[in-house]
Amino acid sequence: TNFWSGVPQGPPDPILGVTDAFKRDTSPNKVNLGVGAYRDENGKPYVLESVLKAEDILHQKKLDKEYLPITGANDFITLASELAYGKDSKPLQEGRIAVAQSISGTGALRIATGFLSQFYSGPKVLYLPDPTWGNHVPLAEGVGIKVQRYRYFDKKTVGLDFNGMKEDIKNAESGSIILLHACAQNPTGIDPTQEQWKELSELIKAKKHLALFDMAYQGFASGDIIRDAFAVRYFVEQGHQIILCQSFAKNLGLYAERAGTFSMITSSTDEKERILSQVKRVIRPLYSSPPVHGAQLVATILGTPELYEQWLTEVKKMADRIISMREKLYNLLVELKTPGEWGHIKSQIGMFSFTGISPEQVQALADHAHIYMTKDGRISMAGLNEHNIQYFAESLSKAVK
Ligand code: PLP
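As structure tokens, this is what we get:
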């Protein structure tokens with residue numbers, strides 16, 4: 006018997022498909038702007054010095070490979086929470102944040118949706134920004150949570166549709182779950198201002214919505230870990246019982262190590278314990294317990310003052326290189342008299358820039374210039390460097406003329 010003849014071919018992953026097309030291209034000029042990972046000045050993957058030093062320290066310690074507890078390594082989750090919430094965070098000091106180590110940011114989101122699908126007493130509807138990171142949809146729908154959208158991107162201004170966003174959040178059924186990108190929104194690179202975050206906090210509170218923060222880029226956005234945590238910390242100060250999904254993939258360059266946390270503000274230590282007991286029951290059948298090495302690297306860096314300082318410098322260096330590419334690209338597009346307004350390239354933040362070009366223009370860039378990006382016109386700024394930026398600007402300019 007053949008059991009599997011009825012399995013249909015699944016659609017290709019839209020982002021990995023870009024990388025495949027790039028790999029097949031034999032042109033020496035080819036540029037891959039699809040990938041969501043940092044690249045150095047020479048277009049190469051980058052391992053942070055602080056990470057290499059932490060590797061040495063761990064190697065010398067000759068640690069064992071015993072299982073971690075279901076919720077992960079205690080030193081890691083404590084240090085990671087301090088980084089996200091700030092050491093002086095009230096709920097942190099009062100011991101009422103339920104935290105579990107997760108398989109990076111994706112795994113944190115999966116714990117969140119798994120927990121919410123079982124225990125959330127409000128409407129099981131997750132509001133996502135339009136557009137958002139593609140994986141958010143199956144992460145919710147896979148566990149029976151309904152997905153809705155709130156307006157986010159304004160095509161006309163290539164900026165934030167703040168009024169549309171507020172209106173949709175206001176019109177959502179009271180108690181809905183609102184997913185917010187803490188900083189460096191993926192894919193648009195457009196974030197609310199601090200004043201806008203304050204308004205959102207009030208609105209979400211008034212509607213008794215639950216705020217679910219996805220923080221995949223702390224420090225990587227502006228180069229400043231405190232500034233990038235503004236929204237999360239402000240909401241917590243304002244008394245929101247937020248859920249936070251934290252990733253160390255980008256800011257520590259630990260993509261494949263899968264280090265992250267899921268956390269939730271609760272109202273008491275007793276409630277925290279009850280929630281953790283159920284979080285463990287979400288995690289256990291998924292993967293039993295998390296991997297140890299990435300968590301040890303993060304804990305070593307965050308817990309060793311000299312490595313921590315070095316990491317702060319390195320994360321700023323990555324952010325600054327991206328910011329300088331934004332400046333340069335903008336200037337080149339203006340110099341080349343490219344039709345349109347390109348100020349958004351400079352004002353957007355984080356790994357990505359939403360160029361605003363059409364799918365046909367994206368295709369033309371791939372076909373004629375060997376430049377690859379996702380269909381929505383999103384480019385990874387990290388894929389640009391001194392060697393290819395002139396070529397990219399000229400090609401983009403040509404494509405829109
Ligand atoms: N959330 C957003 C918005 C992202 O852009 C990403 C990665 O691209 C993630 C979450 C999760 O990444 P990871 O699972 O590698 O931590």
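Per UniProt numbering, the sequence shown starts with residue 6, numbered consecutively.
Every residue gets a Cβ at the ideal spot worked out from N, C-alpha and C, and that includes glycine.
Here the structure is a predicted model, which means the values were calculated and not measured.
Check                                                                                                                                                                                                       : Outcome
Measure the alpha-carbon distance for Met220 versus Gly265 and round it to whole angstroms.                                                                                                                 : 10 angstroms
Express the C-alpha separation of Ile306 and Leu249 in angstroms, rounding to a whole number.                                                                                                               : 21 angstroms
Which one of Leu21, Ala145 and Leu312 has the shortest CA to CA distance from Ile182?                                                                                                                       : Ala145
Jot down the residue ranges of each uninterrupted alpha helix (DSSP H) in the segment 26-76, minimum 4 residues, whole runs only, in chain order.                                                           : 54-66
Around the Cβ of Glu200, are there at least 16 other Cβ atoms within 10 angstroms (buried) or fewer (exposed)?                                                                                              : exposed
Considering only C-alpha positions, which residue in the set Glu340, Met330, Thr343 and Lys70 is nearest to Ser358?                                                                                         : Met330
Name the two residues that bound the continuous beta strand (DSSP E) containing Lys151.                                                                                                                     : Lys151 to Arg156
Any heavy atom of ligand 1 closer than 7 angstroms to the CB of Ser352?                                                                                                                                     : no
Arg331 by DSSP, collapsed to three states: which one?                                                                                                                                                       : helix
Give the straight-line distance between the Cα atoms of Asp229 and Ser206, rounded to the nearest whole angstrom.                                                                                           : 22 angstroms
Do Leu302 and Glu262 have their C-beta atoms within less than 8 angstroms of each other?                                                                                                                    : yes
Throw me the rounded Cβ distance for the residue 4 and Gly39 pair, which I believe falls under 8 angstroms.                                                                                                 : This structure cannot settle anything about residue 4, because the visible part of the chain is limited to 6 through 406.
Apart from the five residues on each side of it in sequence, which residues of its chain come closer than 7 angstroms, Cβ to Cβ, to Phe397?                                                                 : Val36, Ile376 and Leu389
What residues come near ligand 1, if near means a beta carbon less than 5 angstroms from any of its heavy atoms?                                                                                            : Gly41, Ser109, Gly110, Thr111, Trp138, Asn191, Asp219, Ala221, Ser252 and Ala254
Per DSSP, Gln106 is paired with what?                                                                                                                                                                       : Thr266
Take the Cβ of Phe8 as the centre, count every other Cβ of all protein chains shown within 10 Å, and call the residue buried at 16 or more, exposed below.                                                  : exposed
Alpha carbon to alpha carbon, how far is Val142 from Ala216? Give it in angstroms, no decimals.                                                                                                             : 17 angstroms
Can you check which of these residues, Ala226, Arg115, Tyr90 and Gln353, is closest to Ile247 by C-alpha distance?                                                                                          : Tyr90
Can you look up Phe253 in the DSSP assignment and give me helix, strand or coil?                                                                                                                            : coil
Tell me whether the segment 101-111 and the segment 74-83 touch, counting them as touching only if at least three CB pairs, one residue from each stretch, are closer than 8 angstroms.                     : yes
What distance in whole Å lies between the Cβ atoms of Ala226 and residue 408, which are believed to be in contact at a cut-off of 8 angstroms?                                                              : Since the first residue of the chain shown is 6 and the last is 406, residue 408 is not available in this structure.
Buried or exposed for Thr31, going by 16 or more other Cβ atoms inside 10 Å?                                                                                                                                : exposed
Indicate whether the contact test is met: 3 or more Cβ pairs, each with one atom in the segment 124-131 and one in the segment 171-182, closer than 8 angstroms.                                            : yes
So, helix, strand or coil for Asp187, using DSSP?                                                                                                                                                           : It is worth fixing the name first, because residue 187 is Ala in this sequence and not Asp. In the structure shown, Ala187 sits in coil (DSSP, three-state: anything other than H, G, I, E or B).
Within the continuous alpha helix (DSSP H) that includes Met170, where are the two ends?                                                                                                                    : Phe167 to Asn176
Return the CA-CA distance between Pro17 and Ile231, expressed in angstroms with no decimal places.                                                                                                          : 38 angstroms
Does the beta-carbon distance from Tyr239 to Trp202 come in below 8 angstroms?                                                                                                                              : yes
Whether or not the segment 312-331 and the segment 288-300 are in contact is what I'm after, with contact meaning three or more pairs of Cβ atoms, one per stretch, closer than 8 angstroms; do they touch? : no
Roughly how many whole angstroms lie between the Cα atoms of Glu278 and Ala59?                                                                                                                              : 32 angstroms
Identify the residues that DSSP records as bridge partners of Ile384: which are they?                                                                                                                       : Ser358
Taking the C-alpha atoms as reference points, what is the distance between Gly15 and Ala26?                                                                                                                 : 18 angstroms
Going by DSSP, what residues sit across from Leu218 in a beta bridge?                                                                                                                                       : In the sequence on display, residue 218 carries Phe and not Leu. For Phe218, which the question treats as bridged, DSSP gives the partners Leu185 and Leu249.
Note down, in chain order, each residue of its chain lying with its Cβ closer than 8 angstroms to the Cβ of Lys175, except the 5 sequence neighbours on either side.                                        : Leu208 and Lys212
Can you tell me the Cα-Cα spacing of Gly244 and Leu185, whole angstroms?                                                                                                                                    : 16 angstroms
Return the Cβ separation of Val56 and Leu257 in integer angstroms, given the expectation that the two are a contact with Cβ distance under 8 angstroms.                                                     : 6 angstroms
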